[in-house]
Amino acid sequence: MLKFLYKKKFYSQFLIRKFISLSVRISNMFDGMKDRKICGCSLVKYVPSLYRETMGATGSQSTCYWTLDRIFKDSVFESTDSFIDVGCGKGRVLAYMLKKHYPCAMTGIELNAEVADFAKKWASKYDNVNIICGNAFELDFNDYNILFMGRPFEPEMFYKFIAKLESELKHPIKLYYWVDQQSGNYLNDRKGWEKLRREKIFISHGLFMFHNPQRYSIWTFSPYEK
Ligand SMILES: C[S@@+](CC[C@H](N)C(=O)[O-])C[C@H]1O[C@@H](n2cnc3c(N)ncnc32)[C@H](O)[C@@H]1O
């Protein structure tokens, strides 16, 4: 790994920052092209959160396709798996999974009605994708065994969500937690949770995907080991 890329001293330099901004715009352009092929529309445009103050909810930032390549690089999905994107935004993760022909049932739940309607509209042509407009805190996650979270919540809400999973789940799950640097350490050494991988990412295909390095982690949780 090119470790110097991750050093603030390197990526805070003026010219490097200019190149990073350009890179991010180019990655977004590629993402928009892929979206159009799968969804018939671009999922790039960000919708700010209406519920940040009241519910610690983040805005609808779509995760870059190259990032998802890294996160899911050695994942295998079975037809019996039931996947849910918690805070699915416009549905980028589900679009990625369709592109990869993952055989599992796929669900997204989204709090912001305008954003959920957007996802519902393009996903309506796919039988194996279901979009729920609603609050993830009111959903029973026993219907799912693989969860993805692309930082849907601010840290305090993330801790509450973990408490909900721990108290309600009756079977083991796998959790993909993308952008975990603020709150992912909460799961370290926590009873029932086992970390499978944690990685920092910044660059792909010679381009920067984000303005700063980001981190993700993959976990299993077993309610039997609590
Ligand atoms: C950063 S976006 C991630 C979108 C998508 N998962 C991705 O990675 O491309 C997070 C989304 O979570 C949604 N969200 C936040 N709190 C939520 C809640 N309690 N229930 C359902 N969705 C929520 C936000 O409205 C936002 O659209």
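Each residue of the sequence shown is one higher than the one before, counting from 321 in my numbering.
Beta carbons are placed, not taken as given, at the ideal position from N, Cα and C, and that holds for glycine.
These figures come from a predicted structure and were not determined experimentally.
Can you name the start and end residues of the alpha helix (DSSP H) that VAL344 belongs to? 334-359
For my contact list, PHE461 and LEU485 are in at a C-beta cut-off of 8 Å; report their separation, rounded to the angstrom. 6 Å
For the alpha helix (DSSP H) containing ALA436, name the first residue and the last one. 433-443
With distance defined between alpha-carbon atoms, name the residue in ASP447, ASN432, ASP509, PHE350 nearest to THR374. ASN432
As assigned by DSSP and simplified to three states, the class of PHE392: Look at PHE392 here: in three-state DSSP terms it is coil, with no helix or strand label.
I need the boundaries of the beta strand (DSSP E) containing GLU514, first residue and last residue. 513-521
Can you grab the Cα-Cα spacing for the pair LYS511 / PHE334, in whole Å? Across the structure, LYS511 and PHE334 are spaced so that their CA atoms are roughly 44 Å apart.
Report back the beta-carbon spacing between GLY409 and GLU430 to the nearest angstrom; my notes put them in contact at under 8 Å. 6 Å
Does the pairing of the stretch 394-414 with the stretch 499-516 give three or more beta-carbon distances under 8 Å? no
Start and end of the beta strand (DSSP E) containing ALA425? 425-430
Just to confirm, is the Cβ distance from LYS520 to ARG535 under 8 Å? yes
Does THR383 come out as helix, strand or coil in the three-state DSSP assignment? coil
PHE529 (DSSP reduced to helix, strand or coil): It is Met, not Phe, that sits at residue 529 in the sequence shown. Note: MET529 maps to coil in three-state DSSP.
If you count every other CB in all the chains shown that lies within 10 Å of the CB of ILE336, and 16 or more means buried, which is it? Classified as exposed, ILE336 has fewer than 16 neighbouring CB atoms from the shown chains inside 10 Å of its CB.
Given ARG390 as reference, the closest of LEU467, ARG356, HIS525, PRO423 once Cα atoms are compared: HIS525
In the structure shown, what three-state DSSP assignment does LYS480 receive? DSSP, reduced to helix, strand and coil, places LYS480 within a helical segment of the structure shown.
Contact set for SER369: own chain, Cβ-Cβ below 6 Å, skip 5 residues either direction: The residues are ALA377, THR378, GLY379.
So is the beta-carbon of PRO472 under 7 Å away from any non-hydrogen atom of ligand 1? yes
The alpha helix (DSSP H) spanning TYR331 covers which residue range? 328-331
Does the Cβ-Cβ distance between CYS359 and ALA436 come in under 8 Å? no
Expressed to the nearest angstrom, what Euclidean distance is found between the alpha-carbon atoms of ASP405 and LYS445? 18 Å
Within its chain, find whatever has a CB closer than 6 Å to the CB of VAL469; leave out the 5 residues flanking it on each side and keep chain order. One detail in the question is off: residue 469 reads as Met in this sequence, not Val. Around MET469: VAL406, TYR497.
Can you name, in chain order, every residue of its own chain whose Cβ lies under 8 Å from the Cβ of LEU325, other than the five neighbours on each side? Spatial neighbours of LEU325 in its own chain (CB-CB distance under 8 Å, excluding positions within 5 residues in sequence) are listed in chain order as TYR331, PHE522, ILE523, PRO533.
Quick one: what's got a C-beta closer than 7 Å to ILE340's C-beta in the same chain, skipping five residues either side? TYR331, PHE528, HIS531
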